[in-house]
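K.L.:
Before we start, here is the structure in question, set down as structure tokens.
Residue numbers (the UniProt record's numbering), protein chains in the order written: chain A, 1 to 338; chain B, 1 to 243.
Written out as structure tokens, the structure reads:
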């Protein structure tokens, strides 16, 4: 079977797909991609099903050698990626050949990136998912982050329809210089907090700390002072903002525990989740309330955009140029237009 | 009928909430509601997560609104709450109590003003409902232990509790499938391998019951060996849980 050889693993590179939500009932973290939007776009660009597994990397990406001809796409954060020492762009499909070296390097903007490969990474399903849960040594490549010398099984894909048209708009990534706005819904325990705390949360600026990982992002800022009576544990959600006894909010992420006993003050609107996931340490955040109906409307729009991208790529198979060999002609055509 | 409310948890989940207390009957109804929701195969429903008195339903918020899903679920909930509860499965779990297996057994006995043998007798005298699995894969939140032995958590949690440890935290009892930090009072250990990353699905589920039985150290070693070789079959009886 063709492989991707890992030359440098990056800071923390794991295999992720859409996770194993159905197994939360038995206490397994959902896991899966932190930025599900970016993963889905990546899979779309290389012609994969939404359930295909890709590589997820944080802050510094891996260096990889491809041992087959196939197609890849880089999505999520912006990296200074180089293919055989030539700079390559994210959010478009790229062809790679046997022996090609992709060096992803450090992130320029944002935090978490994805490398989708045509056909997906061929690793075994564990509880219906190829996602890695590091804490439990579960899924992915032997339940751990990549190491130098690892080999990831893929399939060779010499052609891909509508190759030239496989590109997507770049997402908006948080900028360390500017505080970003994150829209939140009132959490199930919102009313258990004093009004001063609710105000503090909405008017303050919070900073993402170094203690942020796939389980949760810890925030520094105005501390919630309301003392909570102990709560019976209940289910957690991605983007849930829980307030533990010390009063400092934690945003729950992909590897969160399935249930928890801390009150959920607020929940990040799904439409803004990717933006929050892409925040590096020191990023400043301001929270803003949004109503449920409005949040769901924005979510519908976001999903519609993804469907539109899918439709556009599918339709493009009937547009010139048809194959990868026609890329040069397309470039020439464009030069004439300009 | 028991009252409940349905509240949103963000834009892609809702919680069916019952009164704020631990009640085995409410929880068994909640498990039944969960099973019925899954049986409907609603395309927008992504998963369910039961806890003590809440059932979370995660859904695709771009496919269905909170209000629509709430409306769809209501008749299903009422119907399941009025239906008789099915018999539940009770798993028989061997435990070696005290000594190095249960470093807190003596403290629990002191707390209860009982002998260690009497604590073991209390702990094995009834079956416990698995209210839900959470915190770790296969970590079963069970209850309720007799008030006498319901000792609160340690003030300072231990850094590592060995896999298989059986503990008490207030009226809750449970076991640790994997080694982890924790503050429960450890009174014993089961020789069973409760979590295996190569075969991670657990044999017991929320809504089942567990009854512990005491084994001595020799029996512990024997079961452990048999279990590791795949030759130990955990016994189960089907009966109504001792509510």
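Positions of the beta carbon are idealized from the N, C-alpha and C atoms, including for glycine.
Three-state secondary structure (DSSP) at residue 5 of chain A?
P.N.:
As a position in the first chain, residue 5 of chain A is number 5, starting the count at 1. Three-state result, residue 5 of chain A: strand.
K.L.:
Got a sec: which bits of the stretch 43-62 of chain A sit with their beta carbon under 7 Å from any beta carbon on chain C, in order along the chain?
P.N.:
No chain C appears in this structure, whose protein chains are A and B.
K.L.:
Cα separation between residue 297 of chain A and residue 311 of chain A?
P.N.:
As a first step, residue 297 of chain A is located in the first chain; it is residue number 297 there, counting from the start. As a first step, residue 311 of chain A is located in the first chain; it is residue number 311 there, counting from the start. Going by the C-alpha atoms only, they are around 21 Å apart.
K.L.:
Name the two residues that bound the continuous alpha helix (DSSP H) containing residue 75 of chain B.
P.N.:
Position 75 of the second chain, counted from the start, is the residue given in the question as residue 75 of chain B. It spans 66-82 - the alpha helix (DSSP H) in which residue 75 of chain B sits, taken as one unbroken run.
K.L.:
Along the chain, where does the alpha helix (DSSP H) that runs through residue 109 of chain A open and close?
P.N.:
In the first chain, counting from the first residue as 1, residue 109 of chain A sits at position 109. It is not in any alpha helix (DSSP H) - residue 109 of chain A instead sits in the beta strand (DSSP E) that spans 107-117.
K.L.:
Under three-state DSSP, which class holds residue 152 of chain A?
P.N.:
Counted from its first residue, the first chain places residue 152 of chain A at position 152. DSSP places residue 152 of chain A in strand when its eight states are reduced to three.
K.L.:
Excluding sequence positions up to five away, which residues of its chain have a Cβ less than 7 Å from the Cβ of residue 244 of chain A?
P.N.:
Counting from one through the first chain, the residue named residue 244 of chain A turns up at place 244. These residues qualify, in order along the chain: 250 and 262.
K.L.:
Who are the Cβ neighbours of residue 127 of chain A in its own chain at under 7 Å, not counting the five residues just before and after it?
P.N.:
For the purposes of this step, residue 127 of chain A is taken as the residue at position 127 of the first chain. Once the five neighbours on either side are set aside, the close Cβ partners of residue 127 of chain A are 20, 23 and 28.
K.L.:
Quick check: the Cα distance between residue 222 of chain B and residue 97 of chain B, rounded to an integer number of angstroms?
P.N.:
Walking along the second chain from the start, residue 222 of chain B turns up at place 222. Walking along the second chain from the start, residue 97 of chain B turns up at place 97. Each residue's alpha carbon lies about 15 Å from the other.
K.L.:
Got a sec: which bits of the stretch 118-131 of chain A sit with their beta carbon under 7 Å from any beta carbon on chain B, in order along the chain?
P.N.:
So the close ones are 126 and 127.
K.L.:
Run down chain A in chain order and give the residues with a C-beta less than 7 Å from the C-beta of residue 135 of chain B.
P.N.:
Counting from one through the second chain, the residue named residue 135 of chain B turns up at place 135. Going along chain A in sequence order, the residues near residue 135 of chain B (Cβ under 7 Å) are 27, 257 and 259.
K.L.:
Would you tell me roughly how many angstroms separate the C-alpha atoms of residue 368 of chain A and residue 211 of chain A, rounded to the nearest one?
P.N.:
The requested residue 368 of chain A is not part of the displayed model; chain A covers only 1 to 338.
K.L.:
Comparing C-alpha positions only, which one of B/42, B/231, B/208 and B/226 sits nearest to residue 237 of chain B?
P.N.:
Position 237 of the second chain holds residue 237 of chain B. The shortest Cα separation from residue 237 of chain B among B/42, B/231, B/208 and B/226 belongs to B/208.
K.L.:
Can you look up residue 304 of chain A in the DSSP assignment and give me helix, strand or coil?
P.N.:
Numbered from its first residue, the first chain carries residue 304 of chain A at position 304. Reduced to three states, the DSSP call for residue 304 of chain A is helix.
K.L.:
Tell me whether the beta-carbon of residue 220 of chain A lies closer than 8 Å to the beta-carbon of residue 248 of chain A.
P.N.:
As a first step, residue 220 of chain A must be located in the first chain, where it is residue number 220. As a first step, residue 248 of chain A must be located in the first chain, where it is residue number 248. Yes. Within cutoff.
K.L.:
Looking at chain A, which residues of the stretch 2-22 of chain B have a Cβ within less than 9 Å of any of its Cβ atoms?
P.N.:
So the list reads 7, 8, 9, 10, 11, 12, 13, 15, 17, 20, 21 and 22, given in the order they occur along the chain.
K.L.:
Please name the residue in B/158, B/76, B/38 and B/77 whose C-alpha comes closest to that of residue 58 of chain B.
P.N.:
Numbered from its first residue, the second chain carries residue 58 of chain B at position 58. Nearest C-alpha to residue 58 of chain B: B/38.
K.L.:
Using the rule of at least 16 other Cβ atoms within 10 Å of the residue's Cβ for burial, across every protein chain shown, is residue 34 of chain A buried or exposed?
P.N.:
For the purposes of this step, residue 34 of chain A is taken as the residue at position 34 of the first chain. By the 10 Å Cβ count, residue 34 of chain A comes out buried.
K.L.:
Are there 16 or more other CB atoms within 10 angstroms of the CB of residue 154 of chain A, so buried, or fewer, so exposed?
P.N.:
Here the question's residue 154 of chain A lines up with position 154 in the first chain. It is buried - the Cβ of residue 154 of chain A has at least 16 other Cβ atoms within 10 Å.
K.L.:
Fully enclosed by the stretch 55-99 of chain A, which beta strand (DSSP E) runs are 3 residues long or longer?
P.N.:
DSSP runs (the beta strand (DSSP E)) wholly in the stretch 55-99 of chain A: 63-66, 70-79 and 93-96.
K.L.:
Between the Cα of residue 154 of chain B and the Cα atoms of B/186, B/116 and B/215, which residue gives the shortest distance?
P.N.:
Numbered from 1 along the second chain, position 154 holds the residue referred to as residue 154 of chain B. Nearest option by C-alpha distance: B/186.
K.L.:
Please say whether residue 69 of chain B and residue 244 of chain B have beta carbons closer to each other than 8 Å?
P.N.:
In the structure as shown, chain B begins at 1 and stops at 243. Residue 244 of chain B is therefore absent and cannot be evaluated.
K.L.:
For residue 314 of chain A, which of helix, strand or coil comes out of DSSP?
P.N.:
What you label residue 314 of chain A is simply residue 314 of the first chain in a count that begins at 1. Looking at residue 314 of chain A - three-state DSSP - the assignment turns out to be helix.
K.L.:
Whether or not the stretch 200-215 of chain A and the stretch 280-289 of chain A are in contact is what I'm after, with contact meaning three or more pairs of Cβ atoms, one per stretch, closer than 8 Å; do they touch?
P.N.:
Because the criterion of three Cβ pairs below 8 Å is met, the stretch 280-289 of chain A and the stretch 200-215 of chain A touch.
K.L.:
Check whether the Cβ atoms of residue 170 of chain B and residue 189 of chain B sit closer than 8 Å, and answer yes or no.
P.N.:
For this step, residue 170 of chain B is matched to residue 170 along the second chain. For this step, residue 189 of chain B is matched to residue 189 along the second chain. Cβ distance not < 8 Å, so residue 170 of chain B and residue 189 of chain B don't count as in contact.
K.L.:
Since residue 129 of chain B and residue 24 of chain B should fall inside the 8 Å C-beta cutoff, what is the C-beta to C-beta distance between them, to a whole number of angstroms?
P.N.:
For the purposes of this step, residue 129 of chain B is taken as the residue at position 129 of the second chain. For the purposes of this step, residue 24 of chain B is taken as the residue at position 24 of the second chain. Contact holds; Cβ gap of about 5 Å.
K.L.:
At the level of alpha carbons, what is the spacing between residue 197 of chain B and residue 132 of chain A?
P.N.:
As a first step, residue 197 of chain B must be located in the second chain, where it is residue number 197. As a first step, residue 132 of chain A must be located in the first chain, where it is residue number 132. Computed Cα separation, rounded: 12 Å.
K.L.:
Should residue 223 of chain A go down as buried or exposed, given a rule of 16 or more other Cβ atoms within 10 Å for buried?
P.N.:
Numbered from its first residue, the first chain carries residue 223 of chain A at position 223. Burial call: exposed.
K.L.:
Can you check the stretch 145-202 of chain B for any beta strand (DSSP E) of at least 3 residues that lies completely inside it and give the ranges in chain order?
P.N.:
Qualifying beta strand (DSSP E) stretches, in chain order: 158-161, 165-169, 172-175, 180-182 and 185-189.
K.L.:
If you drop the 5 nearest sequence neighbours on each side, which residues of the same chain put their C-beta closer than 6 Å to that of residue 317 of chain A?
P.N.:
In the first chain, the residue the question calls residue 317 of chain A occupies position 317. So the qualifying residues of the chain are 161 and 162.
K.L.:
Between which two residues does the alpha helix (DSSP H) carrying residue 351 of chain A extend?
P.N.:
Any question about residue 351 of chain A goes unanswered here, given that chain A covers just 1 to 338.
K.L.:
What residues in its chain sit with their C-beta under 6 Å from that of residue 2 of chain A, if we drop five residues either side in the sequence?
P.N.:
Against the first chain, residue 2 of chain A aligns to sequence position 2. 67, 68, 154 and 156, listed in sequence order.
K.L.:
Flag residue 181 of chain B as yes if its beta-carbon sits less than 8 Å from any beta-carbon of chain A, otherwise no.
P.N.:
Indexing the second chain from 1 puts residue 181 of chain B at position 181. It does not; no Cβ of chain A falls within 8 Å.
K.L.:
Spatial neighbours of residue 179 of chain B within its chain, please: CB distance less than 6 Å, with the 5 preceding and 5 following residues excluded, ordered by chain position.
P.N.:
Position 179 of the second chain, counting from 1, holds the residue named residue 179 of chain B. 160, 162 and 163.
K.L.:
May I ask you to list the residues that DSSP assigns as paired with residue 265 of chain A?
P.N.:
Within the first chain, residue 265 of chain A is the residue found at index 265, counting from 1. Paired residues: none, contrary to the question.
K.L.:
Can you list, in chain order, the residues of its chain whose CB lies under 6 Å from that of residue 11 of chain B, leaving out five sequence neighbours each side?
P.N.:
Locating residue 11 of chain B in the second chain gives position 11, counting from the first residue. Closer than 6 Å at Cβ, skipping near neighbours: 61.
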